[in-house]
Amino acid sequence: MGASYPFPADRWYDRSTHMWACPTPEGEILVGIDLLGLESLGDLAYLTLPAEGTQVSRSRPAGSLEAAKMTGELISPVSGVVTARNTGAEKNPALVNHDPFGQGWMMKIRPDHWEKESKELVGGPDLGVWSQQEILRYKEQGWID
Amino acid sequence: MIPWRLVKEDGVAHDYGLAADEVMAVRAGEGTSPPTLRLYTYAPCALVGRFQTLGNEIHLDACQAMGLPVNRRPTGGGAIVMGPDQLGVALTLPGAGEDSWARARETMARFSLGLTQGLAALGIQAAFRGKNDIEAQGRKLAGLGIYRAPSGGMLFHASLLVGLDVAHMLRVLNTPFEKITDKEISQVAARTATVRELAGRSDLTLEETRERVADGYRKEFGVSLSQGAYTPEEQTQIRALQAEKYTQPSWVHQTVAVPDTFATAREKTPAGLLEVRVTRAGAVVKAVYIGGDFFAPEGAVADLEARLRWHSADPAAVEATLRAAHAAHANELAALPLEPLAKAVATAVRLAGGGEARDAALYGCFLNPDGQALPV
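Sequence lines, in order, name chains A and B. Letter by letter, the first sequence follows residues 1 to 145 in this note's numbering. Letter by letter, the second sequence follows residues 1 to 376 in this note's numbering.
Shown next, in the form of structure tokens:
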């Protein structure tokens with residue numbers, strides 16, 4: 001039996017990058033990467049995140065990483081201003097692999113257009129079907145067991 | 001048959017060459033440039049990996065004295081010297097579209113097959129190993145890297161040693177050697193390999209190697225290769241990225257939050273002293289060196305090292321991998337018992353991750369030499 005790939009239902013997911021966006025009670029958005037995204041990358045060794053105050057745009061690079069399988073850019077799932085970055089994850093990127101939905105969060109963003117952009121992400125009632133399809137697609141491609 | 005463009009260039013400037021690789025990856029992802037196989041050489045330069053700290057990896061004073069430029073690749077891995085005897089291989093593919101996307105998500109092993117097939121045509125049996133190496137006879141022949149652009153485009157890059165001036169490399173790359181004598185040069189030469197040496201042909205040209213590598217990709221991926229050049233639009237974009245990124249100190253001299261650290265552990269075994277040296281980047285083991293007085297086939301030891309390269313530093317995971325690797329070479333490693341080896345590896349991994357570790361300045365792409373040991 002293979003590993004399980006949970007998609008917590010309290011957040012939204014970018015279909016192409018597997019970055020997640022989770023609204024906080026303060027109206028900000030926590031951002032991280034889900035388990036399938038991590039499967040594509042492998043163990044993270046380096047992570048750079050945008051400084052507080054940086055303006056980021058949805059679907060544009062907001063940071064960069066080196067992982068076991070490649071280097072690449074972190075693509076922001078939402079537009080807005082970065083209000084915090086997880087310096088603990090920058091110093092110890094393994095946090096992202098070990099706890100991608102918790103301690104492995106990457107940055108917090110004060111969103112510009114959450115209502116509009118959240119509709120471009122997957123969440124709520126659509127999440128179950130999409131996540132199962134994604135897991136199946138990854139298995140069929142041989143990317144996960 | 002899928003058409004790929006073949007671009008041949010020689011003696012390109014470091015900042016131009018790096019910009020061209022990145023632009024081609026971006027444009028391949030956008031669908032504005034075709035899949036491109038670029039086989040090229042740089043004018044002499046030294047390049048560090050995406051997240052390396054320049055001063056840790058390269059003798060900047062020596063480079064300045066030699067007039068040797070330095071820069072930073074978009075791909076990961078270690079520091080390298082490039083010049084007329086090192087063939088750069090840059091394959092850029094789109095990240096959208098079903099077939100190509102599937103290919104882009106495959107591992108470096110897949111993309112290295114064109115290279116190994118080309119080497120086979122020169123009589124060299126080489127294979128992908130670990131995170132990012134192509135090795136032959138247990139010796140490193142090429143370093144590999146993958147960069148995924150925001151557009152989804154993918155750059156697979158390899159640096160193939162057609163020839164190598166080891167003494168020059170040791171002058172440029174920062175190593176733990178206190179002085180560089182013939183002994184150090186011989187030691188590093190024994191751990192690296194060149195195409196000329198393995199092919200047994202000192203007269204082998206870079207051009208012939210390039211042709212064989214092109215043939216390798218053509219056959220392995222079932223594509224047609226048409227030689228071409230960059231379009232004016234591509235050239236404009238390359239020049240722009242060259243100016244705004246690859247000539248900028250903010251890119252070339254950037255630092256990272258996770259410094260490389262290393263430690264060495266020694267264990268006595270019935271066969272003699274065993275020494276294990278580990279380089280870590282945070283919670284990841286980047287490189288392992290196993291040396292000492294024992295006798296074991298170089299390929300078996302190299303396989304142990306390769307399996308632990310770019311591995312989680314979690315002690316249980318390290319031990320599990322080591323046990324499996326040792327079991328796979330049980331007969332060859334009879335003189336290198338598992339228990340003291342596992343103990344030395346565990347100690348070195350632990351020390352490299354703790355406050356006792358020192359900043360490492362010895363993680364070159366083509367060498368992982370012995371160095372000064374920490375007391376254990």
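Even for Gly, the Cβ is constructed at its ideal location relative to N, Cα and C. Being a predicted model, the structure only gives us computed values, none of them experimental.
Asked	Found
Residue from B:His329, B:Leu333, B:Leu308 with nearest C-alpha to B:Thr321	B:Leu308
Buried or exposed by the 16-neighbour rule on C-beta atoms within 10 Å, applied to A:Thr87	exposed
DSSP beta-bridge partners of A:Val122	A:Tyr13
Alpha carbon of B:Lys377 to alpha carbon of B:Asp303, nearest angstrom	Residue 377 of chain B cannot be examined here, being either before or after the span of chain B that is shown, 1 to 376.
Through-space distance from B:Glu57 to B:Gly353, alpha-carbon basis	19 Å
As assigned by DSSP and simplified to three states, the class of A:Pro25	coil
DSSP state of B:Val26 mapped onto helix, strand, coil	helix
Classification of A:Lys139 by the beta-carbon crowding that lies within 10 angstroms, buried from 16 upward	exposed
With 16 other Cβ atoms within 10 Å as the buried cut-off, status of B:Phe262	buried
Neighbouring residues, chain A, relative to B:Tyr147 (Cβ below 7 Å)	Met70, Thr71, Gly72
CB contact flag (B:Thr209, B:Val166, <7 Å)	no
Residue environment, B:Met108, which counts as buried when at least 16 other CB atoms sit within 10 Å	buried
Contacts around A:Ser64, its chain only, beta-carbon distance under 6 Å, and the 5 residues preceding and following it disregarded	Thr48, Glu73
Check: A:Met106 C-beta below 6 Å from any heavy atom of the ligand COA	Summarising the ligand content, the structure contains no ligands, and the ligand COA is consequently not present.
Neighbouring residues, chain B, relative to A:Ile135 (Cβ below 8 Å)	What A:Ile135 touches in chain B: nothing, since even the nearest Cβ is about 15 Å away.
Close Cβ partners of A:Lys98 (< 6 Å) along its chain, the five nearest in sequence each way excluded	The question names Lys, but residue 98 of chain A in the sequence shown is His. Closer than 6 Å at the Cβ level, and outside the excluded window around A:His98, lies no residue.
Proximity test, Cβ basis, 7 Å: B:Val48 and chain A	no
First and last residue of the uninterrupted beta strand (DSSP E) at B:His157	154-161
Option in B:Thr36, B:Val318, B:Gly143 with minimal Cα separation from B:Gln227	B:Thr36
Run of the alpha helix (DSSP H) containing A:Val78, from where it starts to where it stops	It is not in any alpha helix (DSSP H) - A:Val78 carries neither H nor E in the DSSP assignment.
Pairwise C-alpha distance: B:Gly118 and B:Ala214	7 Å
Below-7 Å beta-carbon distance, B:Thr75 vs any chain A residue	yes
Three or more C-beta pairs below 8 Å linking the segment 21-31 of chain B and the segment 151-159 of chain B	yes
Secondary structure of B:Asp303, DSSP reduced to three states	helix
Cβ of B:Val252 within 7 Å of any chain A Cβ	no
Beta carbon proximity, A:Asn86 to chain B, threshold 7 Å	no
Best match in A:Arg58, A:Arg15, A:Ser59, A:Ala94 for proximity to A:Asp43 [C-alpha to C-alpha]	A:Ala94
Inter-residue Cα distance where the pair is B:Thr92 and B:Leu115	15 Å
CA nearest to the CA of B:Val252, picked from B:Arg72, B:Ala65, B:Met1, B:Glu22	B:Arg72
Buried or exposed by the 16-neighbour rule on C-beta atoms within 10 Å, applied to B:Thr75	buried
Own chain partners of B:Leu204 with C-beta closer than 8 Å, once the 5 adjacent residues on each side are dropped	Leu122, Val162, Val195, Arg196
Residues that B:Leu225 bridges to, as DSSP identifies them	B:Trp4
Cβ-based neighbour list, A:Lys91, same chain, cut-off 6 Å, excluding 5 preceding and 5 following	none
Counterpart residues of B:Thr92 in DSSP-defined beta bridges	B:Thr36, B:Leu155
Contact list for A:Pro61 against chain B, beta-carbon separation under 8 Å	Pro150
Helix, strand or coil at A:Gly128 according to DSSP, with G and I counted as helix	helix
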